[in-house]
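Undergrad:
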Amino acid sequence: MKMKLLPLLLASTLLAAAPLIASAQAPAAAAATQGQAGKTVIDASTRIMTTLQQRKAEFSKDPTALRNFINSELNRTFDRDYAARLVLGAHSRGASDADIKLFADAMADNLMQRYGSALLNIQGRPSFRLKGESPLPGNRGVRVATELVRSGDQPTPVEYLMRNTDGQWKIFDVNIEGISYVQTFRNQFDAPLRQKGIKQVATELRSGTMQAGTPGNGK
Numbered sequence: 006m007k008m009k010l011l012p013l014l015l016a017s018t019l020l021a022a023a024p025l026i027a028s029a030q031a032p033a034a035a036a037a038t039q040g041q042a043g044k045t046v047i048d049a050s051t052r053i054m055t056t057l058q059q060r061k062a063e064f065s066k067d068p069t070a071l072r073n074f075i076n077s078e079l080n081r082t083f084d085r086d087y088a089a090r091l092v093l094g095a096h097s098r099g100a101s102d103a104d105i106k107l108f109a110d111a112m113a114d115n116l117m118q119r120y121g122s123a124l125l126n127i128q129g130r131p132s133f134r135l136k137g138e139s140p141l142p143g144n145r146g147v148r149v150a151t152e153l154v155r156s157g158d159q160p161t162p163v164e165y166l167m168r169n170t171d172g173q174w175k176i177f178d179v180n181i182e183g184i185s186y187v188q189t190f191r192n193q194f195d196a197p198l199r200q201k202g203i204k205q206v207a208t209e210l211r212s213g214t215m216q217a218g219t220p221g222n223g224k
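Heads up, the sequence shown is in the working numbering, so the first residue is 6 and it goes up one at a time.
(1) Kindly indicate which three-state DSSP category A62 falls into: helix, strand or coil?
(2) Buried or exposed: where does Q5 fall if 16 or more other Cβ atoms within 10 Å of its Cβ makes it buried?
(3) Starting from F177, trace the beta strand (DSSP E) both ways and give me its first and last residue.
(4) Taking L161 as part of the beta strand (DSSP E), name the residues at either end of that continuous run.
(5) Let me check understanding here. Comparing Cα to Cα, which of Q118, L210 and L198 lies closest to G94?
(6) In terms of DSSP beta bridges, what is A151 paired with?
(7) Which of the three DSSP states is assigned to S212 in this structure?
(8) With distance defined between alpha-carbon atoms, name the residue in A113, F64, A196 and G137 nearest to D86.
(9) Find the nearest neighbour of A89 within the set V46, Y186, A42 and R168, judged by alpha-carbon distance.
(10) Below 6 Å CB to CB, which residues in the same chain sit around K61 once its five sequence neighbours on both sides are set aside?
(11) Taking the C-alpha atoms as reference points, what is the distance between I47 and P68?
(12) Please state whether DSSP places S185 in a helix, a strand or coil.
(13) What does DSSP give as the partner residues of F83 in its beta bridges?
(14) Quick check: the Cα distance between F190 and A217, rounded to an integer number of angstroms?
(15) G43 to D104, Cα distance in whole Å?
(16) Could you name the residues that DSSP lists as bridge partners for P140?
(17) So, under 8 Å CB-CB, E226 and R148 are touching, yes? Tell me the CB distance rounded to an integer number of Å.
(18) Looking only at C-alpha atoms, which of Q59, F108 and L166 sits nearest to G183?
Set out below in structure tokens:
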């Protein structure tokens, strides 16, 4: 379930803008700036779920409109260039900002092409329960701890790693039942990146000949 759930939640904004109704309040003791991070998760979840419900018929007929909507949410809530640098790891050294963006966009597009339509068919009314926030080491941001609650299932721990960029909290990693988005894709793409380089891997992701979230080399 973990490996199936991870890319689906990622595709729904690669994590805070998951199409789920979030409910709960940040702990009163949390600092105001930290409370904003949790609020970002909740607000994005509610906003996306509402829009998907209201525009389901339109999105079902027009996949491009769905991709455009999700892309707008990705830009709003997900720091995908920074996350891409973390996924690339050592491969990002010396890479241009343009190459980093090329890889980040190709990976996001690949996930959306595979899982975007699934966002319109989620059954039931799952919810996120906000458990709290804690600072990340080295003043890197905050960890927002939540639980994914679904009828008939045990709650699934989901943690969002967020940093403040120009006054706005954005997600750069997510852990679902201990599985990290960044680490998962770093492991997947390490060998292809060593063999082919950033531009070729991005090209294959964009064309679909390589798939994000697939075990092994992604083919």
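Glycine included, each C-beta is placed from N, C-alpha and C at the ideal position. On a predicted model such as this, the values are computed, not experimentally measured, just so you know.
TA: For this structure:
(1) helix
(2) No answer is possible for residue 5: it lies beyond the span of the chain, which begins at 6 and ends at 224.
(3) Q173 to I181
(4) Note that residue 161 is Thr in the sequence shown, not Leu. Here the beta strand (DSSP E) through T161 covers T161 to T170.
(5) L198
(6) Correcting the residue type first, residue 151 is Thr in the shown sequence and not Ala. Answer is L135 and V163, bridged to T151.
(7) helix
(8) A113
(9) Y186
(10) L125
(11) 25 Å
(12) strand
(13) I176
(14) 7 Å
(15) 31 Å
(16) V147
(17) Not covered by the structure: residue 226. The range shown for the chain is 6 to 224.
(18) L166
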